[in-house]
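S.K.:
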Amino acid sequence: MAGWVFVVDDDMTNLLAAGNILSQNNIRVTAIKSGKKLLAHLKNNKPDLILLDILMPEMDGFETYERLRKQEKVRGEEETPVIFLTADEDKNSENRALQLGAVDYIHKPLNEDVLLKRISNVLENTSRIKELINDATIDGLTGFLNKSAVNEKMISVCKETDGALMILDIDNFKKVNDLYGHDKGDLVLKAFSDIIKTNTREQDIIGRIGGDEFVIFLKNFKGENGISSLNERINQQFAVKMHEMVGDTLPFNIGVSIGVSFIPNDGRDYDLLFRKADTALYQVKQHGKHGYNIFSDSMKQVIEYDVASKDEIDRISNLLKENETYNSAMWIGQDAFSHIYRYMLRYIRSYNGTAYKVLFNATPVSSDMTKVEFTECMKKFGTFLSNSLRKSDVMMQNGVNEFFLFLPDIDEQYIDNVIGRLISSWQTLDFSSKINVSYETEIISSNSENDGKRRSGDFSNK
Numbered sequence: 000m001a002g003w004v005f006v007v008d009d010d011m012t013n014l015l016a017a018g019n020i021l022s023q024n025n026i027r028v029t030a031i032k033s034g035k036k037l038l039a040h041l042k043n044n045k046p047d048l049i050l051l052d053i054l055m056p057e058m059d060g061f062e063t064y065e066r067l068r069k070q071e072k073v074r075g076e077e078e079t080p081v082i083f084l085t086a087d088e089d090k091n092s093e094n095r096a097l098q099l100g101a102v103d104y105i106h107k108p109l110n111e112d113v114l115l116k117r118i119s120n121v122l123e124n125t126s127r128i129k130e131l132i133n134d135a136t137i138d139g140l141t142g143f144l145n146k147s148a149v150n151e152k153m154i155s156v157c158k159e160t161d162g163a164l165m166i167l168d169i170d171n172f173k174k175v176n177d178l179y180g181h182d183k184g185d186l187v188l189k190a191f192s193d194i195i196k197t198n199t200r201e202q203d204i205i206g207r208i209g210g211d212e213f214v215i216f217l218k219n220f221k222g223e224n225g226i227s228s229l230n231e232r233i234n235q236q237f238a239v240k241m242h243e244m245v246g247d248t249l250p251f252n253i254g255v256s257i258g259v260s261f262i263p264n265d266g267r268d269y270d271l272l273f274r275k276a277d278t279a280l281y282q283v284k285q286h287g288k289h290g291y292n293i294f295s296d297s298m299k300q301v302i303e304y305d306v307a308s309k310d311e312i313d314r315i316s317n318l319l320k321e322n323e324t325y326n327s328a329m330w331i332g333q334d335a336f337s338h339i340y341r342y343m344l345r346y347i348r349s350y351n352g353t354a355y356k357v358l359f360n361a362t363p364v365s366s367d368m369t370k371v372e373f374t375e376c377m378k379k380f381g382t383f384l385s386n387s388l389r390k391s392d393v394m395m396q397n398g399v400n401e402f403f404l405f406l407p408d409i410d411e412q413y414i415d416n417v418i419g420r421l422i423s424s425w426q427t428l429d430f431s432s433k434i435n436v437s438y439e440t441e442i443i444s445s446n447s448e449n450d451g452k453r454r455s456g457d458f459s460n461k
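Position 243 (the sequence shown) corresponds to 242 in numbering that gives the first Met the number 0; numbering is contiguous.
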C-alpha cells in the first residue's frame with residue numbers, strides 16, 4: 000500500500016497522530032499546517048493522496064479544495080484524490096464534501112484500522128484507474144502517446160502554446176520488416192524511440208501515430224536553425240544505431256524524413272497544422288528522403304484547394320499506396336481492419352459476392368510454456384498465415400492467441416481447400432508441436448440465407 004500522503008491540519012496533535020499511523024505502515028507522510036501552505040507545496044510536489052481537515056483558520060478545507068482544483072486545472076495536472084477529515088458530526092458537512100468531489104470522509108479522532116482501510120481503498124482504486132488510462136493512451140512498444148491520445152492532447156495544446164509541430168517518418172522501414180522480420184522491426188522502432196527521447200525535452204509532446212510515423216510538438220521552439228540541428232542529430236544517431244543492429248548488410252538506405260509547421264505562424268488549428276507538416280514531409284519524401292522541410296506559403300495550394308489535376312491525383316495516390324509489393328496477406332491492426340471489413344461487407348451485399356471469415360485460436364500444448372515462448376510462437380504463426388494466404392486476403396491479430404481472417408471471393412467448396420492447404424503446411428513447421436490450433440469459418444454472401452453457416456475444426460486432429 001506504499002504511497003505518499005499529505006496530511007493537512009492546523010492541530011499538531013492530529014498531524015502527529017496521523018503521521019505515526021501512516022509512517023508505521025510504510026506510507027510516506029508530509030505534514031502541512033494550513034491550506035495556503037498546501038497549495039504552495041503542491042507547486043513542486045505531487046502526492047498520491049491528501050488528507051484535508053475541514054475546520055481550519057484563514058482558509059477552511061472546502062475553500063482549500065476548490066482552490067486546489069483550480070490550480071491543478073491551470074497547470075494541466077491530474078486531480079489528486081482528497082479525503083476530508085473532521086470532528087464535526089454535521090451531516091451537511093459530509094454531504095458538501097462528497098458533492099465537491101472528495102473520494103471519502105473520515106471522522107476524528109482517527110481510528111487506525113478505519114484510516115488505513117480507507118487510504119488503501121483510495122490508493123488501489125487510483126492505481127487501477129491510472130492503469131486503465133495508461134492502457135488506453137500509451138503505445139505499448141515505444142511508451143509514447145498513441146494516435147488518439149496525442150491527437151486529443153494536441154487539439155488543446157495548439158490553441159494555447161507556441162512551438163513546432165513535427166511529423167517524422169522512418170524511410171524504408173517496411174523493407175526492414177520484409178528483410179529481417181517484425182521482431183527486428185520492433186527493435187528498430189524501440190531504438191528510434193530512444194533517440195527521440197534523447198533529443199527532446201520533458202515538456203515536449205511525443206506520439207506514435209502509425210507503424211513508422213511519429214509526431215513531436217516542441218513547446219516554445221522557434222527557428223529553422225534548431226530544426227536543422229535536430230534533424231541532423233536524429234539522422235546521424237539513427238544511422239549509427241542501425242549499423243550497430245545490422246552491420247553493413249543493409250542493402251538499402253534507412254533514415255528519417257521530417258515535416259514541420261510552426262505555431263502560431265501556420266495557425267492554431269491542429270488538423271490544419273498537421274496537414275501542413277504532412278505536406279512538408281511529402282516534399283522531403285519526393286526529393287531524396289533523410290532530411291527535413293518546413294511548410295511554406297508556396298505549398299498552400301495543396302492545403303487549401305482540391306485541385307483535380309494529374310499531379311494532385313498522383314500526390315494523393317503516393318500518400319495512400321503501399322511502398323512495396325507484397326506476395327502475402329495484408330496483416331494490419333484492428334482499426335484499419337475494421338474499415339476494410341465494413342467496406343467489404345458493403346461490396347459483397349451490393350455485387351453478389353462471397354467471402355469467408357476465419358478465426359484461428361491457439362493454446363499451448365504444455366502448461367509449462369512461458370508467456371514469452373507462447374507469444375513468440377504466435378508471432379511465427381501469424382507470419383505463417385500471412386505468407387500462406389493470397390495478397391487479396393486480410394488478417395488481424397486479436398489479443399495474443401487469436402487471428403481473424405477475411406478471405407474475399409471464396410465459395411463453400413474452395414474454403415475446404417484453403418484450410419486443408421494450411422494444415423498440410425502447418426504440420427511441416429518446427430513449432431507446430433508446441434501449440435494447439437483450432438479454427439472456425441463462417442460464410443458471408445449476398446444471400447442472407449447462407450450467412451451464419453459455420454464450420455469448425457482443429458489442426459492437431461488432422
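Even glycine gets a Cβ: it sits at the ideal position worked out from N, Cα and C.
All values reported here derive from a predicted model rather than from experimental measurement.
(1) Nearest-angstrom Cα distance between G75 and P250?
(2) With distance defined between alpha-carbon atoms, name the residue in V149, R95, F273 nearest to I204.
(3) Determine the DSSP secondary structure at M377, reduced to helix, strand or coil.
(4) To the nearest angstrom, report how far apart G246 and L384 are at their CA atoms.
(5) Examine chain B for any beta-carbon lying closer than 8 Å to the beta-carbon of W425, and answer yes or no.
(6) Report the residue ranges of all beta strand (DSSP E) runs contained in full by the region 384-435; include only those spanning at least 3 residues, in chain order.
(7) Might you give, ordered along the chain, the residues of its own chain that have their beta carbon closer than 7 Å to the beta carbon of K152, omitting 5 neighbours on each side?
(8) Can you have a look at D305 and say buried or exposed, based on whether 16 or more other CB atoms are within 10 angstroms of its CB?
(9) Enumerated in chain order, which unbroken segments of the alpha helix (DSSP H) with a length of 4 residues or greater are wholly contained in the region 218-285?
(10) If I measure Cβ to Cβ from G184 and keep anything under 8 Å in the same chain, skipping five residues before and after, which residues do I get?
(11) Where does A307 sit, in a helix, a strand or coil, going by DSSP?
(12) Would the region 337-355 count as touching the region 426-433 if we require 3 or more Cβ pairs under 8 Å?
(13) Do you know offhand how far F61's Cα is from V6's?
(14) Run through the DSSP bridge pairs and tell me what D52 is partnered with.
(15) Sorted by chain position, which residues of the same chain lie with C-beta nearer than 8 Å to I82's C-beta, five sequence neighbours on each side aside?
(16) Please go through the same chain and pick out, in chain order, the residues whose beta-carbon is closer than 6 Å to the beta-carbon of M298, but skip the five residues on each side of it.
(17) Under three-state DSSP, which class holds R207?
(18) Answer with buried or exposed for K275, where buried requires no fewer than 16 other C-beta atoms within 10 angstroms of its C-beta.
(19) Classify I154: buried if its beta carbon has 16 or more other beta carbons within 10 angstroms, exposed otherwise.
(20) Quick check: M329 and V393, are their CB atoms within less than 8 Å of each other?
(21) Look at the alpha carbon of G456 and the alpha carbon of A335, and state the distance between them as a whole number of angstroms.
(22) Starting from the Cα of I414, find the closest Cα among E130, D265, I443 and give me that residue.
(23) CA-CA distance, K461 and K379?
(24) Going by other Cβ atoms of all chains shown within 10 Å of its Cβ, with 16 needed for buried, is I128 buried or exposed?
(25) Does the beta-carbon of I418, which I'm using as the reference point, lie nearer than 7 Å to any heavy atom of the ligand MG?
(26) CA-CA distance, E71 and L99?
(27) For G332, tell me which candidate among Y179, G210, L140 has the shortest Cα-Cα distance.
(28) Rounded to whole angstroms, what's the CA-CA distance from G206 to M165? Just pull it up for me.
(29) Between the region 398-408 and the region 356-371, are three or more C-beta pairs nearer than 8 Å?
(30) So what does DSSP say about I128, is it helix, strand or coil?
(31) Note down the Cα distance separating N219 from S432, rounded to an integer number of angstroms.
(32) Does the beta-carbon of P46 have 16 or more other beta-carbons within 10 angstroms, so that it is buried, or is it exposed?
(33) Grouping DSSP H, G and I as helix and E and B as strand, with all else coil, what is E76?
(34) Please list the segments of the beta strand (DSSP E) lying wholly inside the region 173-201, counting only runs of 3 or more residues, in order along the chain.
(35) Can you tell which of A39, R348, N43, G34 has the C-alpha that lies nearest to the C-alpha of E57?
(36) Starting from M153 and walking both ways along the alpha helix (DSSP H), at which residues does that stretch end?
M.R.: Put simply:
(1) 47 Å
(2) Considering only alpha carbons, the answer is V149.
(3) helix
(4) Each residue's Cα considered, the two are about 30 Å apart.
(5) In the displayed structure, chain B is absent; only one protein chain is listed.
(6) Within the region 384-435, complete beta strand (DSSP E) segments of at least 3 residues are found at 393-397, 401-407, given in chain order.
(7) Setting aside the 5 residues that flank it on each side, K152 is surrounded in the same chain by L144, I204, each with a C-beta closer than 7 Å to its C-beta; the list follows chain order.
(8) In this predicted model, D305 has a pLDDT of only 45, less than 50, meaning its place in the structure is not dependable; the value taken from the coordinates is given anyway. Burial call: exposed.
(9) 223-245, 269-285
(10) F172, V175, N176
(11) At A307 the pLDDT is 49, less than 50, meaning the model places this residue with poor confidence; the figure from the coordinates comes in the next sentence. Correct three-state label for A307: coil.
(12) no
(13) Between F61 and V6, the C-alpha separation is close to 15 Å.
(14) Per DSSP, L84.
(15) Here the set comprises L48, I49, L50, L51, A101, V102, D103, Y104, I105, R117, I118, V121.
(16) T278
(17) strand
(18) buried
(19) Here I154 is exposed: its Cβ has fewer than 16 other Cβ atoms, across all protein chains shown, within 10 Å.
(20) yes
(21) The alpha-carbon separation between G456 and A335 amounts to approximately 28 Å.
(22) I443
(23) In this prediction, K461 has a pLDDT of 42, which is less than 50 and means its spatial position is unreliable; what the coordinates show is noted afterwards. Cα-Cα distance, rounded: 20 Å.
(24) exposed
(25) As for the ligand MG, it is missing from this structure, which has no ligand bound.
(26) C-alpha of E71 to C-alpha of L99: approximately 15 Å in a straight line.
(27) G210
(28) 11 Å
(29) The region 398-408, when compared against the region 356-371, does touch it at the 8 Å Cβ threshold.
(30) helix
(31) 57 Å
(32) buried
(33) coil
(34) none
(35) G34
(36) Where M153 is concerned, the enclosing alpha helix (DSSP H) stretches over 146-159.
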